[in-house]
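Here is the structure we will look at.
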Amino acid sequence: MTVDGGRAPEATVNRPPSTVHRFMQTFTNQDITDYYDHTEPHYRQWWKMEDSMGLHYGVWGPTTKTLSEAILNTNSRLAEMGKISPSDKILDAGCGVGGSSIFLAKKYGCRVAGITLSERQVRTATSFSEKKGVAHLASFAKQDYTNTHFPDNHFDVAWAIESMQTATDKSLFFKEIKRVLKPGGRLLIADVFKKGDWKIAETPVMQTMLNGWAMSDILSIAQLEKTAEKHNFALAQNRDVSLEIIPSIKQYYRFAWLGMIGTKWYNLFHDATYFSKTHYKTGFAQYKGWKRGLWEYRLLSMVNDE
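The numbers in the sequence shown follow this note's numbering, run straight up by one, and end at 778.
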């Protein structure tokens, strides 16, 4: 696999994800890896990945003009909440193609360790960091953020943009982050959250949205706080930025229409993978779920409270 903008190899998987437990689909680490490997070309084409180096929603402000600016603005807003400093040692848990790690290293001069399940993403992130001149500060490795190789009390900050909710068992995420963070360390999260009391088994639109991203289910803010408190994380800041990502939601919806046409045409002549064939559907589902008030987007700052 190369970082050349071409389509990811599609011969590895051509099946639905691994396990279904009565309406709630669960995903293995390999399923999650397959999702990111097989959809990276989509993010390059539609989500301006070469410019923003991000795979997440963009937070828009009064002066934001482009999607790439909005995606970078998500990094800025979260970093400001976390009071990032040059002396911080940061874990980017679920680093994607390295955008946040590179942003933090370049803006603050801090050291960042980005980890992802995808070897392809490690190569892409490493290439981006070299191009941006921060390879000496930002490093990338294939690791599971629920079971890392780092020593105890190693990081000042743990950073998780749209990665925490991917864990089927969120408690495992908090347990490992607790272990590798120093006492008083900060956990910074940007993610989608459940809004309302719907159940995944009874909400097809959210099944389509989440399963299309290799996610089983998401927590509400109340559920997240309860889980975090069990691991002695105290919520310091909680900002609802749902209104500020509306332009991103709408752009994703428009891209879904274009992606649907391209996907259906491609599938006529190629043996596409499960995620490649269904990825465009998440664009429709996230828009419908937002219109129905089923999810929200928040920026959180938590403290490892000993």
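Glycine residues also receive a C-beta, built at the ideal position from the N, C-alpha and C atoms.
- Of 751, 602 and 541, the smallest CA-CA separation from residue 570 is found for 602.
- Close CB contacts of residue 567 within its chain, under the 7 Å cut and outside five residues either way in sequence, are with 573, 586, 587, 588, 597 and 612 (chain order).
- Shortest Cα-Cα distance from residue 766 to any of 693, 709 and 616 involves 693.
- For residue 586, the enclosing beta strand (DSSP E) has its first and last residue at 583-588.
- Your pair residue 707 and residue 772 checks out as a contact, with CB atoms roughly 7 Å apart and the cut at 8 Å.
- Under the three-state reduction of DSSP output, residue 710 falls in the strand class.
- CA-to-CA, the gap between residue 620 and residue 501 works out to about 14 Å.
- Inclusion of residue 561 and residue 628 in the CB contact set at 8 Å is warranted, their separation being smaller than that value.
- If you look at residue 700, you'll find it in the alpha helix (DSSP H) that goes 693-702.
- Between residue 755 and residue 728, the C-beta spacing is below 8 Å.
- The beta-carbon separation of residue 657 and residue 757, rounded to 35 Å, does not stay under the 8 Å limit for a contact.
- Apart from the 5 residues on each side of it in sequence, residue 517 has no Cβ closer than 7 Å to any other Cβ in its chain.
- Note on the segment 504-580: whole alpha helix (DSSP H) runs with a minimum of 4 residues are 521-524, 539-553 and 571-580, in chain order.
- Secondary structure at residue 622: coil, using DSSP grouped into helix, strand and coil.
- Following the DSSP letters along the chain, one finds residue 658 inside the beta strand (DSSP E) bounded by residues 653-666.
- Rounded to whole angstroms, residue 702 and residue 632 show a C-alpha spacing of 19 Å.
- When secondary structure is reduced to three states using DSSP, residue 499 falls in the coil class, being assigned neither helix nor strand.
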